[in-house]
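Take a look at the structure set out below.
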Amino acid sequence: MSKDSQSISALLGGSAGYGTAFDLEVWKSQQQARFRSQLTQAKEKLEKAIREEYAKKNSRDLAEMEKAKRELEETARQLQSAADVLKQRSIQFEQREEAFEARRVKVAEQHERHLVKVEERAQRMVDENQLLVADLKAQLREKDTMLLQKDEKLRVAESDYEMLRRKAAKLISESERGADGQKLRDIQCKLAAAEETNLELQKQLRMHLDDVERLQRKNTHLEKEMLNYRTQSEEWGRKYTALLEEWRAKESEYLEREREVVEEKRRELLRSSRSADLARQLQIPHSALPVSDNGDLAQMLRDLQSEVVAGMREVKSSHGAPTRQLVYAERPVQIKAAPVPRERPPSPPPPEEPSVEVEEQPRETPPPQAVEMSATSSYPPVEESWLEGNEWGAPAGLPPLAPPHENSPLRPQDTEERGETLGPADFARARDGASDSGSRSTREEMINFVQQLKMNRQKLLDTGVYTESHAVVREDGRKDKGL
341 MSKDSQSISA LLGGSAGYGT AFDLEVWKSQ QQARFRSQLT QAKEKLEKAI
391 REEYAKKNSR DLAEMEKAKR ELEETARQLQ SAADVLKQRS IQFEQREEAF
441 EARRVKVAEQ HERHLVKVEE RAQRMVDENQ LLVADLKAQL REKDTMLLQK
491 DEKLRVAESD YEMLRRKAAK LISESERGAD GQKLRDIQCK LAAAEETNLE
541 LQKQLRMHLD DVERLQRKNT HLEKEMLNYR TQSEEWGRKY TALLEEWRAK
591 ESEYLERERE VVEEKRRELL RSSRSADLAR QLQIPHSALP VSDNGDLAQM
641 LRDLQSEVVA GMREVKSSHG APTRQLVYAE RPVQIKAAPV PRERPPSPPP
691 PEEPSVEVEE QPRETPPPQA VEMSATSSYP PVEESWLEGN EWGAPAGLPP
741 LAPPHENSPL RPQDTEERGE TLGPADFARA RDGASDSGSR STREEMINFV
791 QQLKMNRQKL LDTGVYTESH AVVREDGRKD KGL
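Residue 823 is where the sequence shown ends in the numbering used here, and the numbering goes up by one at each step.
What follows is the structure, encoded as structure tokens:
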């Protein structure tokens, strides 16, 4: 009985342990299934979040790529436009320099011819004045000789008169003593004729003395005028040299300011190219791009960048700063002073401003434009009127220059702030605007100089040495009419 009970208890104890183990295994399987379900859910949730994040990042990268592409295209267009503008301005500047060089050579030749004519005229007037002085001296010597002859005749007449007077006194005394009356009357007639001859000789002597005094006064007046004209010629020569130097300095400054404007535009283009190089360094990760679009977009960006770099290199190589220097033809002026007034060449006023159209040879770039140039550095020919072509009718001044001026219509910093490009018309307006106030005093000096020429011509006529038919007076009159 006890053995049966023990076996039953052992059996019951073994089935209880089996049940516990079975329950434990069931719980374990349930926990594993639950864990796998949760793990699957977490994995799906994580994969969903990763896909969403990937989609957002991909769309963001695509947007940035499109934005960078648009910026690069816009930069390329701006660089191309700036390169075209710079190329056109460089061509225009070269054309302006070529026109200026041609005009400078022409002006130098005119200046040489003008100086030669002035020197010839000055030498001719000096020779004429020397001949005039020699003629006056010869006339003076002739008058002195005539005066000596008249003095000799006067002394002879006085001696004859004294002799006749003594004879008359003797005859009177003889007549008083009863001499012949007819002989006395003859002697008296001879005495009256001798007195008349003596009076006539004295009158001629006084006239010759007056002529000598008048010639001496005229000679003194001519010497004073010669000294005055010599001083005036030296003064106008100094003014001419000073105005010529001022014109050269201002024109050099004007050309230097044009070069600075072109250099500023070139520096802006270089800064834009550097910004394009920085934008080119933007790199987009290839892992964030779709597999189908990665190669095409990258190739397109690389092609665009290579085109921009090639265009910049072409612009740098083909549009360097011009290195041609300007050489001014210069010749010292040596004019001898003359004793009579003569025409003095004034400071070179500008003639009618010619419009020079310079055409460029055909190139691969768009056809060049006809640049309208205003060559202001010119001397008028000697035969040309200095007022011809002046639309205001006022005396022309020196060539209109371009000094630094606050109110100038052409200022590089203003055009840069507005983003505008400068053209030949802007330079012409700046030159005209700067020259109006600068040449007013020079025009007044030219007016005074012309008035002085007219006064000198009138003085020549008043002296009586020259007449209207004289070559010097005719030439001065022609120049006065031309001025």
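Glycine included, each C-beta is placed from N, C-alpha and C at the ideal position.
Can you find at least 3 beta carbon pairs, one from the region 526-536 and one from the region 499-509, that sit closer than 8 Å?
-> The answer is yes - the region 499-509 touches the region 526-536, with three or more Cβ pairs under 8 Å.
For E307, which residues from the same chain have a beta carbon less than 6 Å from its beta carbon, with the 5 sequence-adjacent residues on both sides left out?
-> The structure shown has nothing for residue 307, since the chain only spans 341 to 823.
What are the complete beta strand (DSSP E) segments, minimum 3 residues, inside the region 565-593?
-> Within the region 565-593, complete beta strand (DSSP E) segments of at least 3 residues are not found at all.
With 16 other CB atoms within 10 Å as the buried threshold, where does V445 fall?
-> The residue you call residue 445 lines up with position 105 of the sequence shown. It is exposed - the Cβ of V445 has fewer than 16 other Cβ atoms within 10 Å.
Comparing alpha-carbon positions, which option in Q428, L545, F375 lies nearest R606?
-> Along the sequence shown, one-based indexing puts residue 606 at 266. It is Q428 whose Cα lies nearest to the Cα of R606.
Out of A423, E449, Q542, K457, which has the shortest C-alpha to C-alpha gap to A497?
-> Here residue 497 corresponds to residue number 157 of the sequence shown, with the count starting at 1. Of the candidates A423, E449, Q542, K457, the residue whose Cα lies closest to the Cα of A497 is Q542.
Which word fits L451, buried or exposed, when buried means at least 16 other C-beta atoms lie within 10 angstroms of its C-beta?
-> Residue mapping note: residue 451 aligns to position 111 of the sequence shown, counting from 1. At residue 451 the sequence reads His, which differs from the Leu that was named. Around the beta carbon of H451, 16 or more other beta carbons lie within 10 angstroms, which makes this residue buried.
Residue of K477, R453, R506, L545 minimising C-alpha distance to D491 | Numbered from its first residue, the sequence shown carries residue 491 at position 151. The shortest Cα separation from D491 among K477, R453, R506, L545 belongs to L545.
When you compare only the Cα positions, how much space is there between R410 and K388?
-> The residue labelled residue 410 in the question sits at position 70 within the sequence shown. The residue labelled residue 388 in the question sits at position 48 within the sequence shown. Approximately 33 Å between the Cα atoms of the pair.
Does DSSP put S499 in a helix, in a strand, or in coil?
-> By 1-based counting over the sequence shown, the position of residue 499 is 159. Helix.
Using alpha carbons as the reference points, say which of E482, K385, R570 lies closest to L549.
-> The sequence position of residue 549 within the sequence shown is 209, counting from 1. If we check each option's Cα against that of L549, E482 comes out closest.
Quick one: what's got a C-beta closer than 6 Å to L595's C-beta in the same chain, skipping five residues either side?
-> The sequence position of residue 595 within the sequence shown is 255, counting from 1. Excluding its 5 nearest sequence neighbours in each direction, L595 has no C-beta neighbour in its own chain below 6 Å.
Indicate whether L419 and S646 have their beta-carbon atoms separated by less than 8 Å.
-> In the sequence shown, the residue the question calls residue 419 occupies position 79. In the sequence shown, the residue the question calls residue 646 occupies position 306. Not closer than 8 Å, so no.
Could you tell me whether the region 561-575 touches the region 790-807, using the rule of 3 or more Cβ pairs below 8 Å?
-> Segments in contact, yes.
Give the straight-line distance between the Cα atoms of V425 and A403, rounded to the nearest whole angstrom.
-> Counting from one through the sequence shown, the residue named residue 425 turns up at place 85. Counting from one through the sequence shown, the residue named residue 403 turns up at place 63. Here the alpha carbons of A403 and V425 stand approximately 33 Å from one another.
Contact under 8 Å by Cβ, V552 with L472 | On the sequence shown, residue 552 is found 212 positions in, with the first residue counted as 1. On the sequence shown, residue 472 is found 132 positions in, with the first residue counted as 1. Against a cut-off of 8 Å, the Cβ pair of L472 and V552 comes out as no contact.
Assigned secondary structure, G804 (DSSP; H/G/I helix, E/B strand, else coil) | In the sequence shown, the residue the question calls residue 804 occupies position 464. G804 falls in the coil class under three-state DSSP.
Length of the line joining the Cα atoms of A474 and Q463 | Start at 1 with the first residue of the sequence shown, and residue 474 comes out as number 134. Start at 1 with the first residue of the sequence shown, and residue 463 comes out as number 123. Approximately 16 Å, taken between the alpha carbons.
Is it buried or exposed for N788, if we count other Cβ within 10 angstroms and need 16 for buried?
-> Mapped onto the sequence shown, residue 788 falls at position 448. By the neighbour-count rule (16 or more Cβ atoms within 10 Å), N788 is not buried but exposed.
When the Cα atoms are used, what is the spatial distance from M786 to T571?
-> Here the question's residue 786 lines up with position 446 in the sequence shown. Here the question's residue 571 lines up with position 231 in the sequence shown. If I take the Cα positions, the gap works out to 18 Å.
Helix, strand or coil for S513, going by three-state DSSP, please let me know.
-> For this step, residue 513 is matched to residue 173 along the sequence shown. In the structure shown, S513 falls within a helical segment according to DSSP collapsed to helix, strand and coil.
Mapping DSSP to helix, strand and coil, what is S809?
-> Working through the sequence shown from its first residue, we reach residue 809 at position 469. DSSP places S809 in coil when its eight states are reduced to three.
Hey, L609 and A423: beta-carbon distance below 8 Å or not?
-> Within the sequence shown, numbered from 1, the residue matching residue 609 stands at position 269. Within the sequence shown, numbered from 1, the residue matching residue 423 stands at position 83. In this structure, the beta-carbon distance from L609 to A423 falls below 8 Å.
Length of the line joining the Cα atoms of Q556 and T485 = For this step, residue 556 is matched to residue 216 along the sequence shown. For this step, residue 485 is matched to residue 145 along the sequence shown. Approximately 16 Å, taken between the alpha carbons.
Cα-Cα separation between K397 and I390, rounded to whole angstroms | Residue mapping note: residue 397 aligns to position 57 of the sequence shown, counting from 1. Residue mapping note: residue 390 aligns to position 50 of the sequence shown, counting from 1. If you take the alpha carbons of K397 and I390, they lie about 10 Å apart.
Short check: CB of F433 to CB of E575, under 8 Å?
-> Here residue 433 corresponds to residue number 93 of the sequence shown, with the count starting at 1. Here residue 575 corresponds to residue number 235 of the sequence shown, with the count starting at 1. Not a contact, by the Cβ cut-off of 8 Å.
Integer Cβ distance of E468 from K799, believed to fall under 8 Å = Counting from 1 along the sequence shown, the entry for residue 468 is found at position 128. Counting from 1 along the sequence shown, the entry for residue 799 is found at position 459. Going by Cβ atoms, the distance from E468 to K799 rounds to 16 Å, so no, they are not a contact pair.
For Q470 and E460, the rounded distance between their alpha carbons = In the sequence shown, the residue the question calls residue 460 occupies position 120. In the sequence shown, the residue the question calls residue 470 occupies position 130. So the alpha carbons of these two residues sit roughly 15 Å apart.
Does the Cβ of Q825 have 16 or more other Cβ atoms within 10 Å, making it buried, or fewer, making it exposed?
-> Absent from the structure is residue 825, since the part of the chain shown begins at 341 and ends at 823.
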